[in-house]
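Peer 1: I have a structure I would like to understand better, so I am pasting it below and will then ask my questions one at a time.
There are 2 protein chains.
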Amino acid sequence: MRYEDLIGRDLKDVRAAIRNGAYRGHTAGLAPGRLQANLVILPEAHALDFLRFCLRNPKPCPIVGVGDTGDPRMPTLGDIDLRTDLPSYRIHRDGVPAGDAPDICDLWSDDLVGVALGCSFTFEHALIAAGIDLWHVTHDRTVPMFRSTRPTVPAGPFAGPMVVSLRMIPEDRAREAAAISARYPQAHGAPVHTGDPAALGIADAGAPDWGDPVPLPAGHVPMFWACGVTPQAALAGAKLPFAITHTPGHMLICDMAEDADAPPVAPGRIPDQQGVMP
Amino acid sequence: MRYEDLIGRDLKDVRAAIRNGAYRGHTAGLAPGRLQANLVILPEAHALDFLRFCLRNPKPCPIVGVGDTGDPRMPTLGDIDLRTDLPSYRIHRDGVPAGDAPDICDLWSDDLVGVALGCSFTFEHALIAAGIDLWHVTHDRTVPMFRSTRPTVPAGPFAGPMVVSLRMIPEDRAREAAAISARYPQAHGAPVHTGDPAALGIADAGAPDWGDPVPLPAGHVPMFWACGVTPQAALAGAKLPFAITHTPGHMLICDMAEDADAPPVAPGRIPDQQGVMP
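For the record, the sequence lines run as chains A and B.
For the first sequence, the positions run 3 to 280 when the numbering used here is used.
For the second sequence, the positions run 3 to 280 when the numbering used here is used.
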């Protein structure tokens, strides 16, 4: 099944197509309005430390769901089977990617724990809805991501630098973009830095470590958000014998609305840092 | 040392007075502006399930910090020693309170994990700052709390009903109170119910299960928030052989500002559910 065949279809159809293996592509733009999540599956022996790592680094690693040990369901996120409900899974052995798979029925075991983490789609949709253009979305590219010099707070074997994503925002909308994304703490929240990339140890904003380069036009300011690649990098650094994640871009689509818990704001009328309306 | 002696003193003084045992009273209103947190300490064998319980019930159980096993520090919340930095601790054995203690130096062990949970002080301060009077604060009473019929999502041995707290809010400010508290997902967030207490299985809003009754004046609407007693009730129901919590009202005072991550809003100008300004 092609991506085009699922555009505009509802959650039930999209999930069925993924679950029965008919669709194995990326999920950006599918089942619009539903929360999409990163997925990490790892042995229970490492689950407590991994949850601690995420809880200590909530901006890059916002936990939106956690399963019981050995149970592939995640009822708080919907009628979900973690073994089949992503279009593509990435298998990791000793911290190194060891191939992708369309399902993990043969790899699931009584020892595994699934953790779902919020993703940037949520706040990107809110920025786009406010009329803030995102170049990588408009041009169907992957957002540029960088290994920053800002450290994470470690937990057990999990550590490493915070990975950040870059979006170039028109200068006169930067404050608004920050306020909008701050409404979504479950999706990386407010930017971690706005302005000179060197403050994050990024020498060349045009040369990302992951994703595609974007233009850096005059009149735009670089805004950096904590990125969901951070836990993947920590997972790699921990060199776990075995773990499973989503294949980048191939997310878990949940039942709930992506803005279910976001506090209201006034579109086009954003208060300043002191809460005063312009 | 009396409560009055610490009013208006800074965090350093307050923490020192608590740490050295000079002050053993409640913490409401102390070190204003700093995040205060509920505390649960339990053996590592139950920590993964307890974190799962909290993560599945984020409104009553918003995790703001978690320590390493056996480590009484919690550096993400400040220069904290969990053994001494609460004015009073409650010891639980087999799920039953077994006395309070001014410190837990003799009870700490290499097996324990500390979990800090956000508390309602944070959004109460924001409501009061917006000019919304809270009767129990003005009259120095404990907020009324009720065992509701709304279930929590269980995890391992942890389960039970959601406990809710009641605040009577002037009808014309109810929507504003909801919007303000929604800014603080780490402190119970938006109300879980506004209006008829019977919808939560509460037969008599004047007869709370915990805390003090409040007047139910005409022109005010009952608003119910998820309550931090929920995890304590779940802990009791799980009948753990050993656990430690804060004594009610005797909280962990953290370094960070209580509104550090809250998105901006416009005081007095609250958009409706569709985000449209009045």
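Don't be surprised by glycine CBs; every beta carbon is placed ideally from N, CA and C.
Over the uninterrupted alpha helix (DSSP H) stretch that includes Cys56/A, give me the two end residues.
Peer 2: Looking up residue 56/A in the first sequence gives position 54. From DSSP, the alpha helix (DSSP H) with Cys56/A extends over Glu46 to Arg58.
Peer 1: How many Å lie between Arg271/A and Asp96/A at the Cα?
Peer 2: By one-based count along the first sequence, residue 271/A stands at place 269. By one-based count along the first sequence, residue 96/A stands at place 94. Note that Arg271/A has pLDDT 43, beneath the 50 cutoff, so the model's placement of it is unreliable and no number is given.
Peer 1: Let me know the secondary structure DSSP gives Ile43/B once reduced to three states.
Peer 2: Here residue 43/B refers to the residue found at position 41 of the second sequence. The answer is strand: DSSP assigns Ile43/B an E or B state.
Peer 1: Any idea what DSSP makes of Leu119/B, helix, strand or coil?
Peer 2: One-based indexing of the second sequence puts residue 119/B at position 117. In this structure, Leu119/B counts as strand in the three-state DSSP scheme.
Peer 1: For the segment 104 to 119 of chain A against the segment 243 to 257 of chain A, do three or more pairs of beta-carbon atoms, one drawn from each stretch, fall closer than 8 Å, so that the two count as touching?
Peer 2: yes
Peer 1: Can you give the Cα-Cα distance for Pro74/B and Ala131/A, rounded to whole angstroms?
Peer 2: Here residue 74/B is taken as the residue at index 72 of the second sequence, counted from 1. Here residue 131/A is taken as the residue at index 129 of the first sequence, counted from 1. Straight-line Cα distance between these residues: approximately 45 Å.
Peer 1: Between the segment 205 to 213 of chain B and the segment 137 to 145 of chain B, are three or more C-beta pairs nearer than 8 Å?
Peer 2: yes
Peer 1: Going by C-alpha distance, which of Asn59/A, Thr71/A, Leu44/A and Ile43/A is nearest Arg54/B?
Peer 2: Sequence index remark: in the second sequence, residue 54/B carries index 52 (1-based). The shortest C-alpha separation from Arg54/B is found at Thr71/A.
Peer 1: Quick one: which chain B residues come within Cβ less than 8 Å of Gly191/A?
Peer 2: Here residue 191/A refers to the residue found at position 189 when the first sequence is read from its first residue. Asp263, listed in chain order.
Peer 1: Assuming Tyr25/A is part of the beta strand (DSSP E), what are its boundary residues?
Peer 2: Here residue 25/A is taken as the residue at index 23 of the first sequence, counted from 1. Counting along the chain, Tyr25/A falls outside any beta strand (DSSP E), and DSSP gives it neither H nor E.
Peer 1: Between the C-alpha atoms of Arg21/B and Ser90/B, what's the straight-line distance to the nearest angstrom?
Peer 2: Stepping through the second sequence from its first residue, residue 21/B is reached at position 19. Stepping through the second sequence from its first residue, residue 90/B is reached at position 88. Cα to Cα, the separation comes out at about 11 Å.
Peer 1: Between Val223/B and Ala161/B, which are expected to be in contact by the criterion C-beta below 8 Å, what is the C-beta distance as a whole number of angstroms?
Peer 2: Here residue 223/B refers to the residue found at position 221 when the second sequence is read from its first residue. Here residue 161/B refers to the residue found at position 159 when the second sequence is read from its first residue. In fact, because the Cβ distance is near 30 Å, the residues do not count as touching under 8 Å.
Peer 1: Asp261/A to Thr124/A, Cα distance in whole Å?
Peer 2: What you label residue 261/A is simply residue 259 of the first sequence in a count that begins at 1. What you label residue 124/A is simply residue 122 of the first sequence in a count that begins at 1. Their Cα atoms are separated by approximately 7 Å.
Peer 1: Report the rounded CA-to-CA distance for Asp257/B versus Pro77/B, giving the unit in angstroms.
Peer 2: In the second sequence, the residue the question calls residue 257/B occupies position 255. In the second sequence, the residue the question calls residue 77/B occupies position 75. Going by the C-alpha atoms only, they are around 10 Å apart.
Peer 1: Does any CB atom of chain A fall closer than 8 Å to the CB of Thr151/B?
Peer 2: Residue numbering aside, residue 151/B sits at position 149 when the second sequence is read from its first letter. It does not; no Cβ of chain A falls within 8 Å.
Peer 1: In the structure shown, what three-state DSSP assignment does Tyr5/A receive?
Peer 2: The residue you call residue 5/A lines up with position 3 of the first sequence. Tyr5/A sits in a helix when the DSSP states are folded into three classes.
Peer 1: Buried or exposed, going by whether 16 or more other CB atoms sit within 10 Å of the CB of Lys1/B?
Peer 2: Because chain B is modelled from 3 through 280, residue 1/B falls outside the range shown and cannot be assessed.
Peer 1: Please compile the residues from chain A whose C-beta is within a distance smaller than 8 Å of the C-beta of Leu57/B.
Peer 2: Along the second sequence, read from residue 1 onward, the residue named residue 57/B stands at position 55. Per Cβ cutoff of 8 Å: Leu53, Ile65, Gly67 and Val68.
Peer 1: So with Cβ pairs under 8 Å, would you call Leu254/B a contact of chain A?
Peer 2: For the purposes of this step, residue 254/B is taken as residue 252 along the second sequence, with counting starting at 1. False, the Cβ-Cβ gap to chain A never drops below 8 Å.
Peer 1: Cutting at 7 Å between CB atoms, please list the residues of its own chain near Gln276/A, excluding the five before and the five after it.
Peer 2: Mapped onto the first sequence, residue 276/A falls at position 274. With a pLDDT of only 41 at Gln276/A, under the threshold of 50, the placement of this residue in the model should not be trusted, and no figure is reported.
Peer 1: How would you write the range of the beta strand (DSSP E) that Thr151/A sits in, first residue to last?
Peer 2: As a first step, residue 151/A is located in the first sequence; it is residue number 149 there, counting from the start. Per DSSP, the unbroken beta strand (DSSP E) holding Thr151/A starts and ends at Met147 to Pro153.
Peer 1: Which runs of the alpha helix (DSSP H), 4 residues or longer, sit entirely within the segment 82 to 140 of chain B?
Peer 2: 123 to 131 and 137 to 140
Peer 1: Would you identify the three-state DSSP class for Ala176/B, choosing helix, strand or coil?
Peer 2: Counting from 1 along the second sequence, the entry for residue 176/B is found at position 174. For Ala176/B, the secondary structure class from DSSP, reduced to helix, strand or coil, is helix.
Peer 1: Looking only at its chain, what residues have a beta carbon closer than 6 Å to the beta carbon of Ala47/A, apart from the 5 residues adjacent to it on each side?
Peer 2: Within the first sequence, the letter at position 45 stands for residue 47/A. No residues qualify anywhere along the chain.
Peer 1: Count the C-beta pairs between the segment 3 to 14 of chain B and the segment 30 to 45 of chain B that are closer than 8 Å, then say yes if the count reaches three, no if not.
Peer 2: The segment 3 to 14 of chain B, when compared against the segment 30 to 45 of chain B, does touch it at the 8 Å Cβ threshold.
Peer 1: How would you call Arg4/A, buried or exposed, if buried means at least 16 neighbouring beta carbons within 10 angstroms?
Peer 2: Looking up residue 4/A in the first sequence gives position 2. Result: exposed.
Peer 1: Do we get a CB-CB distance below 8 Å when we pair Ala19/B with the residues of chain A?
Peer 2: Residue mapping note: residue 19/B aligns to position 17 of the second sequence, counting from 1. Not one chain A Cβ lies under 8 Å of Ala19/B.
Peer 1: Taking the continuous beta strand (DSSP E) assigned at Leu254/B, which residues delimit it?
Peer 2: Start at 1 with the first residue of the second sequence, and residue 254/B comes out as number 252. It spans Leu254 to Ala259 - the beta strand (DSSP E) in which Leu254/B sits, taken as one unbroken run.
Peer 1: Check each residue of the segment 151 to 174 of chain B: if its Cβ is closer than 9 Å to any Cβ of chain A, include it; give the result in chain order.
Peer 2: Val155, Ala157 and Gly158
Peer 1: How many whole angstroms separate the CB atoms of Gly67/A and Ala39/A, which I take to be in contact at a CB cut-off of 8 Å?
Peer 2: The sequence position of residue 67/A within the first sequence is 65, counting from 1. The sequence position of residue 39/A within the first sequence is 37, counting from 1. 7 Å between Cβ atoms; contact.
Peer 1: Using a Cβ cut-off of 8 Å (strictly closer), state whether Thr144/B contacts chain A.
Peer 2: Position 142 of the second sequence, counting from 1, holds the residue named residue 144/B. Taking Cβ atoms only, chain A never reaches closer than 8 Å to Thr144/B, which makes this a no.
Peer 1: Give the secondary structure of Val194/B by DSSP, where H, G and I count as helix, E and B as strand, and everything else as coil.
Peer 2: Along the second sequence, read from residue 1 onward, the residue named residue 194/B stands at position 192. Looking at Val194/B - three-state DSSP - the assignment turns out to be coil, as it is neither helix nor strand.
Peer 1: Is it buried or exposed, Asp7/B, if we count other Cβ atoms within 10 angstroms and call 16 or more buried?
Peer 2: The residue you call residue 7/B lines up with position 5 of the second sequence. Exposed.
Peer 1: Since Leu202/A and Val166/A should fall inside the 8 Å C-beta cutoff, what is the C-beta to C-beta distance between them, to a whole number of angstroms?
Peer 2: Walking along the first sequence from the start, residue 202/A turns up at place 200. Walking along the first sequence from the start, residue 166/A turns up at place 164. At roughly 6 Å, the Cβ-Cβ gap stays under 8 Å, so Leu202/A and Val166/A are in contact.
Peer 1: Could you tell me whether the Cβ atoms of Asp105/A and Arg92/A are closer together than 8 Å?
Peer 2: Within the first sequence, the letter at position 103 stands for residue 105/A. Within the first sequence, the letter at position 90 stands for residue 92/A. Contact flag unset, no.
Peer 1: In this structure, how does DSSP classify Gly239/A when only helix, strand and coil are distinguished?
Peer 2: Counted from its first residue, the first sequence places residue 239/A at position 237. It is helical.
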